[in-house]
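Accompanying notes for the structure given below.
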Amino acid sequence: MIKRIAVLGGVRIPFCRNNTAYADVGNFGMAVKTLGALVERFDLHGVELGEVAFGAVIKLAADWNLAREATLSSGLAPTTPGITTARACGTSLDNAIIIANKIAAGQIEAGIAGGSDTTSDVPIVYSRAMQQRLLAVNRAKSTGDKLKTAVQGFSLGELKPSFPGVAEPRTGMSMGEHCELMAREWKVTRQEQDELALASHLKAAAAYERGFFKDLVVPFRGLDRDGFLRPDSTLEKLAALKPAFDKTSGQGSLTAGNSTGLSDGASAVLLASEEWAAARGLKPKAFLTHAKVAAVDYVHGEGLLMAPTVAVPQMLAKAGLTLQDFDFYEIHEAFAAQVACTLRAWENVEYCKNRLGLDKPLGSIDPGKLNVNGSSLALGHPFAATGTRIVATLAKLLEEKGSGRGLISICTAGGMGVTAILERP
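Under my numbering, the residue at position 62 of the sequence shown is numbered 338, and the numbers go up by one with no gaps.
Below is the structure:
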């Protein structure tokens, strides 16, 4: 028997710009704070859960066991196992799917999914030549041999550090450069992007003002709201920004204002079977009912961030739903252009027929149901934390409404997309 997967709720710390409030915290510190807050929220001190699936995209070598180590410091029973994962921006939604599948199969009764990411505390390594030199010194037997190996043929260039790359390994292009190509292919204008970005900020600001995030965001390091939020933003201010990725052709339309900034933060959600929730007196906010992951061949011409356009119709077919059968759409805003391209593709007859194999377009969605409390452009985007931020947000939206259905769509580096459906009967 397949069990239903209840989303009981989630928490996160405020997301902030890199090299600011969390510059010295790192993934482990942010993960412990977030998991600990979830343990407090649901009175899980000393409780053994089936699994904690927690991920990070940019992490130090010492954080290879991040999920387990953070679990041991969270207040959960030390007998709770942890698994560390990474699928770029889809990491924590993937983790929710991992936990959900284990619950559905009866392997576990409850688990936590989440993610933490920092672009402040990044792994910095020496050049390949310096790495090989240090390894050779370590292998040398005598002190004399070690000294000889250390200095023979040495050049100062070997000391030049190497920082984590932001380019796709297969193309050498950044995500922003890829998205510039998508914007041109789908004829997404600069104004359209700026309007999407402004709407995200205004909706997020309004959500904070009405207290929507009060039980979702846990104060940390002097912050009680996200460091990216600009409630005073205007189209005029956004229009004044220069292109951030294509600075030379005169066609660049992606700016710092309509693209997500480098972020630090963490989020987590608690998932369980209905029986486990009832035994602890917890009421489901929503149920995770369907999920789908897809990939595109971006190396040979497909848009890097277009994989959700493929995953969503496959998921809808499995669920027996149409694109219009939703009360809320949570489309991750890596870039405003990426959101616009996704919506364009679903409305396009040729794309839906030739690429998606459909006999008609998926069609349009009601813009009033899209990212109703803002999304990544306004809140920030710590890569591995975005998925469960969205799951917790959507579950609360459905709880407030009383019933309904929500769609989650997240694009990722590497040309992949992670999607899911939450429902509340």
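Positions of the beta carbon are idealized from the N, C-alpha and C atoms, including for glycine. What you are looking at is a predicted structure, and each value in this text was computed from that prediction instead of being measured.
Under 8 Å between C-beta atoms of residue i and residue j
{"i": "N649", "j": "A480", "result": "yes"}
{"i": "V401", "j": "S431", "result": "no"}
{"i": "G302", "j": "D397", "result": "yes"}
{"i": "L547", "j": "L558", "result": "no"}
{"i": "G680", "j": "D603", "result": "yes"}
{"i": "S685", "j": "P584", "result": "yes"}
{"i": "L499", "j": "T669", "result": "no"}
{"i": "C687", "j": "C292", "result": "no"}
{"i": "E675", "j": "A553", "result": "no"}
{"i": "E699", "j": "S549", "result": "no"}
{"i": "G693", "j": "A587", "result": "yes"}
{"i": "M449", "j": "Q614", "result": "no"}
{"i": "V464", "j": "A621", "result": "no"}
{"i": "L325", "j": "L342", "result": "no"}
{"i": "L638", "j": "L599", "result": "yes"}
{"i": "S539", "j": "T310", "result": "no"}
{"i": "A313", "j": "V333", "result": "no"}
{"i": "G541", "j": "P290", "result": "yes"}
{"i": "L655", "j": "L514", "result": "no"}
{"i": "S266", "j": "M306", "result": "Residue 266 falls outside the range modelled here, since the chain spans only 277 to 701, and no answer is possible."}
{"i": "T296", "j": "G503", "result": "yes"}
{"i": "P589", "j": "L634", "result": "yes"}
{"i": "A362", "j": "A660", "result": "yes"}
Residues sharing a beta bridge with residue i, DSSP
{"i": "M692", "result": "A571, T688"}
{"i": "I281", "result": "S549, L564"}
{"i": "I607", "result": "S685"}
{"i": "T388", "result": "Here residue 388 is Ile; the residue named in the question, Thr, does not match the sequence. Partner(s): V328, L546."}
{"i": "D540", "result": "C292"}
{"i": "G286", "result": "V545"}
{"i": "S535", "result": "F611"}
{"i": "D393", "result": "G541"}
{"i": "P519", "result": "T531"}
{"i": "S450", "result": "A443"}
{"i": "V401", "result": "S438"}
Own chain, CB closer than 6 Å to residue i, minus 5 neighbours either side, in chain order
{"i": "G390", "result": "F330, S368, S543, A544, T664"}
{"i": "N534", "result": "Q469, D470, A473, A612"}
{"i": "L580", "result": "H454, Y574, G691"}
{"i": "V706", "result": "Because the chain in this structure spans residues 277 to 701, residue 706 falls outside the shown range and cannot be described."}
{"i": "T347", "result": "V328, T356, G358"}
{"i": "Y484", "result": "R501"}
{"i": "K335", "result": "N303"}
{"i": "M582", "result": "V572"}
Residue i - DSSP class collapsed to helix/strand/coil
{"i": "L698", "result": "strand"}
{"i": "D470", "result": "helix"}
{"i": "V323", "result": "coil"}
{"i": "F496", "result": "strand"}
{"i": "D642", "result": "coil"}
{"i": "Y420", "result": "Residue identity check: residue 420 is Gly in the sequence provided, not Tyr. In this structure, G420 counts as helix in the three-state DSSP scheme."}
{"i": "T361", "result": "strand"}
{"i": "P584", "result": "helix"}
{"i": "G680", "result": "strand"}
{"i": "K629", "result": "helix"}
{"i": "H657", "result": "coil"}
{"i": "L592", "result": "helix"}
{"i": "A459", "result": "helix"}
{"i": "G382", "result": "coil"}
{"i": "E623", "result": "helix"}
{"i": "S652", "result": "helix"}
{"i": "E578", "result": "coil"}
{"i": "R556", "result": "coil"}
{"i": "R415", "result": "helix"}
{"i": "I334", "result": "coil"}
{"i": "L599", "result": "coil"}
{"i": "L311", "result": "helix"}
{"i": "L348", "result": "helix"}
{"i": "F304", "result": "helix"}
{"i": "N371", "result": "helix"}
Spatial neighbours of residue i in its chain, beta-carbon cut-off 8 Å, leaving aside the 5 residues before and after
{"i": "A337", "result": "P399"}
{"i": "L411", "result": "none"}
{"i": "A520", "result": "G452, G528, L530, T531, A532, S535"}
{"i": "Q383", "result": "G326"}
{"i": "R409", "result": "T425, A426, F430, E434"}
{"i": "K704", "result": "One cannot answer for residue 704 here, as it falls past the ends of the chain, which runs 277 to 701."}
CB-CB length for residue i against residue j, believed under 8 Å
{"i": "S651", "j": "E606", "result": "7 Å"}
{"i": "A570", "j": "G285", "result": "So it is not a contact: roughly 28 Å between Cβ atoms."}
{"i": "A704", "j": "M591", "result": "Since the displayed the chain opens at 277 and closes at 701, residue 704 lies outside it and no answer follows."}
{"i": "A282", "j": "P560", "result": "4 Å"}
Residues of its chain near residue i, where Cβ-Cβ distance is below 7 Å and the 5 sequence neighbours each way are ignored
{"i": "M406", "result": "E434, L435"}
{"i": "T447", "result": "V575"}
{"i": "V308", "result": "A346, S349, S350"}
{"i": "V323", "result": "L352, A353"}
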